[in-house]
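Q: Handing you this structure, nothing more for now.
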Amino acid sequence: MNKDEHDHKHCLELFEKLSEYLDNELDEVTCQGIEKHVKECVPCFVCLQTLKRTIDLCKQTENRSVPKDFSEKLKEAIQNMPKSPSAR
Amino acid sequence: MTAPKRTNRKQIKDKDFELVRAINSGQFDRFPDLVKRYEQKLYNFSFRMCRDAADAEDTVQETFLNVFRYLKDFRYETKFKNWLYRVAASTCIKKRRKSKFAPQRELSLDEFYPQNEAEDPQQVPEWAQMPLDKLLSNELLDKINEAIFTLPEKYRLVIVLRDIEGFSTAETAQILNLSDANVKVRLHRARLYLRDRLKGYFENE
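Chain order of the listed sequences is H and P.
All residue numbers for the first sequence refer to our numbering, where the first residue is 1326 and numbers rise by one.
All residue numbers for the second sequence refer to our numbering, where the first residue is 83 and numbers rise by one.
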């Protein structure tokens, strides 16, 4: 399918489901429908690939280290809490 | 005569149950072990939600104080981690409502439809094709973090829980008290928003 023949209604329906497709949360028939469509529709294929890469990148975001004195401050706050079950 | 109650509860396996049971049976000196297990993860979750290091510290502290207070009510019907994140998410939301910073808005699917793309929709851009390790840089990771920070809170909560913390759709729904369908809708829009921000970054590079 070229750009001019882009079936927008169908594309829009599939567009809503792309995340579920990438997360393997769709039934087999719907998955096959998406796979068939993106083989023929370049804009939808591009959209799927860029969305997939976005998710991959999001998963790569690094964790910050806990500030040095944070664990100590937390420990102190917990030590100051009432310890008996009735006080909880 | 009354019929015996049928219980359909699944037996949950959870590495934290032993420790939680010990604390709930009176071994309060083991609470710091629970804190140690989750402080790093909760700090990062809170930082992503609060966008401020001092607020993230306060939120984690408040979360653990709430956990200590309400741990006796934990029913072992869900993984402890899911329950902990439920407390953390609720603490973050309350904290944020108190802060000056609350630009909430709805993200509509229409604004992300590929028809509106400035780039050539006939070609997969290089950033989506090249090997991930070649693409990754500190600058790019900073950009992604910045983009996550600018997401409205209700979308940010979902994408952080699903794509960064690794919870399933059902677990995220349980943590946030939403339906699975609602989690899916918010996640898709959040991802499309980040995709647009990444496109913008690579186009202007």
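For each residue, glycine too, the CB sits at the ideal point set by N, CA and C.
1. Along the segment 1374-1387 of chain H, what residues have a CB closer than 7 Å to any CB found in chain P?
2. Between the segment 1337-1350 of chain H and the segment 267-274 of chain P, are three or more C-beta pairs nearer than 8 Å?
3. Give me the chain H residues within the contact set of P:Ala135, using Cβ-Cβ distance strictly less than 9 Å, ordered along the chain.
4. If you check the beta carbons only, do P:Arg112 and P:Leu124 fall under 8 Å apart?
5. Judging by CA-CA distance, which residue of P:Gln211, P:Leu274, P:Ala104 is the nearest neighbour of P:Ile226?
6. Taking buried to mean at least 16 other C-beta atoms within 10 Å of its own C-beta, is P:Pro196 buried or exposed?
7. With H, G and I counted as helix, E and B as strand and the rest as coil, what does DSSP make of P:Leu189?
8. May I have a chain-ordered list of the alpha helix (DSSP H) segments no shorter than 4 residues that lie completely inside the segment 104-129 of chain P?
9. Determine whether the beta carbon atoms of H:Pro1392 and P:Ala135 lie at a separation below 8 Å.
10. For chain P, find out if any of its Cβ atoms is closer than 8 Å to the Cβ of H:Lys1400; answer yes or no.
11. Under DSSP, the alpha helix (DSSP H) around P:Asn264 begins and ends at which residues?
12. Assuming contact is defined by CB atoms lying nearer than 8 Å, are P:Ile241 and H:Cys1383 in contact in what I supplied?
13. Measure from the C-beta of H:Glu1397 to each C-beta in chain P and report whether the shortest distance is under 8 Å.
14. Select from the segment 1353-1365 of chain H all residues with a C-beta closer than 7 Å to any C-beta belonging to chain P, and list them in chain order.
15. Counting C-beta neighbours from all protein chains within 10 Å, is the total for P:Ser261 16 or more, i.e. buried, or is it exposed?
16. Hey, is P:Ala184's beta-carbon within less than 8 Å of any beta-carbon in chain H?
17. Which value, in whole angstroms, describes the spacing of the CA atoms of H:Gln1357 and P:Glu139?
18. Span of the alpha helix (DSSP H) holding H:Cys1366?
19. My guess is that P:Gln143 and H:Leu1399 are in contact by the Cβ rule of under 8 Å, so how many angstroms apart are they, rounded?
20. Taking the beta carbon of P:Tyr152 as the centre, do at least 16 other beta carbons fall within 10 Å, making it buried, or is it exposed?
21. Relative to the C-alpha of P:Phe156, which residue among P:Arg133, P:Gln109, P:Ile105 is closest?
22. Could you give the distance in angstroms between the alpha-carbon of H:Glu1397 and the alpha-carbon of P:Leu116?
23. For P:Pro234, I'd like the list of residues in its chain whose CB is within less than 6 Å of its CB, leaving aside the five on either flank, ordered along the chain.
A: On the basis of the supplied data:
1. Gln1374, Thr1375, Leu1376, Arg1378, Thr1379, Ile1380, Asp1381, Leu1382, Cys1383, Lys1384, Gln1385, Thr1386, Glu1387
2. Yes, the segment 1337-1350 of chain H is in contact with the segment 267-274 of chain P.
3. Near P:Ala135 (Cβ distances below 9 Å), the residues of chain H are Arg1389, Pro1392.
4. For the 8 Å CB-CB criterion, P:Arg112 and P:Leu124 do not form a contact.
5. P:Leu274
6. buried
7. coil
8. Entirely contained in the segment 104-129 of chain P, not one alpha helix (DSSP H) run reaches 4 residues.
9. Result yes, Cβ atoms of H:Pro1392 and P:Ala135 sit closer than 8 Å.
10. yes
11. Per DSSP, the unbroken alpha helix (DSSP H) holding P:Asn264 starts and ends at 262-285.
12. Their beta carbons are under 8 Å apart, which means P:Ile241 touches H:Cys1383 by this criterion.
13. Not one chain P Cβ lies under 8 Å of H:Glu1397.
14. Taking 7 Å as the Cβ-Cβ cut-off against chain P, none of the residues of the segment 1353-1365 of chain H qualify.
15. Per the 10 Å Cβ criterion, exposed.
16. Confidence at P:Ala184 is low in this model, with a pLDDT of 49, below 50, so its placement is unreliable and the value that follows should be read with caution. Judged by the 8 Å Cβ criterion, P:Ala184 is not in contact with chain H.
17. 47 Å
18. For H:Cys1366, there is no enclosing alpha helix (DSSP H), as DSSP gives it neither H nor E.
19. 6 Å
20. exposed
21. P:Ile105
22. Straight-line Cα distance between these residues: approximately 15 Å.
23. Gln186, Arg187
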